[in-house]
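Shown next, in structure tokens, is the structure this report addresses.
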Amino acid sequence: MNDLRRIDLNLLVILDALLSEQHVTRAAERLHLSQPAVSHALARLRDLLGDPLLVRAGAGLVPTPRALELLAPLAEALAQVQALLAPNAFDPATTQRTFRLAMSDYGAAIVLPELIRTLRREAPGIDLQISHGSRESMLDGVLNGDIDVAIGVFPEMPNELRSTPLFEEHYACLLDRKSLPVDGALDLPTYLARPHVLLEMRGSGTPEIERALTALRERRRVAVSLPHWRVAPEFISGTDLILTVASRALRDIDESTLIVVPPPFQIPSFTFVLVWHKRRGGDQALNWLNQRIGEGIERQRLF
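The sequence shown begins at 1088 in the working numbering and counts up by one.
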């Protein structure tokens, strides 16, 4: 440990130049140092390693057996230090890595198809592990490092996390066409009188809808509560049920039997965001992935 404390990494760089040039003046020119500075460094190296390292032979210097033994490990050590201190180079075409993403099945339907096509085309060595949970559990996963990126709606964000918006979203109501009032409009009394399908993920629910109704001093009756929206439209066809969800979840419905209409009361729109930990700001691969997610959303023309 005492010897390690005496080591100046610059001495290793100078030793490498001396062993390569076998001449003090040429080593000094190569390093842009003065000749006395290199001579002083050589004296320190001889003292540190207990060996002459370079001995005079004619007009130049020749390495000792001990110096020759140091050539390979010295080159390896300097290469490792250089790699450690150099910016982390990222090549998507050759990188082998797994990213852990958390999102709802709604988020997965919006984000993953385009993202996966991009990865297969540009970064075939990058794999994805997708999980889902409540808003709180997804943010906790990013905070503790279990999750690389969370995608969703997060009204409250811890200071340690960073986010970027992906798109603005609003709510819409899905009904069976035959259950729509004769005038073609859904009014508030009808909305409140009808049974509803609630999308709820581990207790998170859809608080924006409930808060909007509470502001009106109204409540709705939930007849079916379920954790994923993919099957929810199937419950609506042929019934008097109403499903109130993010509008983009209703892009591929069967319009011959179902219809999408605006809610009969004001529900604030919300921002769908991508979240990561600020300590990951220097991760080039993660930054690349986040950028590709955003570009995929833009290509879908969701704005």
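Positions of the beta carbon are idealized from the N, C-alpha and C atoms, including for glycine.
Straight-line Cα distance separating Leu1096 from Asn1089
Unreliable placement is indicated for Asn1089, whose pLDDT of 44 sits below 50; the coordinate value is still reported in the next sentence. Approximately 15 Å, taken between the alpha carbons.
Taking the CB atoms as reference points, tell me whether Met1190 and Gly1228 lie closer together than 9 Å.
no
Sufficient close CB pairs (3 or more, under 8 Å) joining the region 1258-1269 to the region 1333-1342
yes
According to DSSP, simplified to helix, strand and coil, what is Trp1375?
helix
Element boundaries [beta strand (DSSP E), containing Pro1200]
Per DSSP, Pro1200 belongs to no beta strand (DSSP E); it is in the alpha helix (DSSP H), Asp1192 to Glu1209.
Helix, strand or coil: how does DSSP classify Ile1340 here?
coil
Report the three-state DSSP secondary structure of Asp1263 (helix, strand or coil).
strand
Please tell me whether Ile1354 and Leu1253 are closer than 9 Å, where the distance is taken between their beta carbons.
no
Proximity below 9 Å, CB of Ile1197 to CB of Gln1387:
yes
Since His1283 sits in a beta bridge, which residues does DSSP pair it with?
Val1309 and Ile1329
For Ala1210, which residues of its own chain have a beta-carbon under 7 Å away from its beta-carbon, when the five flanking residues on both sides are left out?
Pro1179, Ala1180 and Thr1182
Cβ pair count under 8 Å reaching 3, the region 1241-1251 against the region 1355-1370:
yes
For Gly1290, the three-state DSSP class (helix, strand or coil)
Any reading at Gly1290 must be qualified, since the residue scores a pLDDT of 43, below 50, and its modelled position is unreliable; no value is offered.
What's the gap between the Cα of Gln1109 and the Cα of Ala1130?
15 Å
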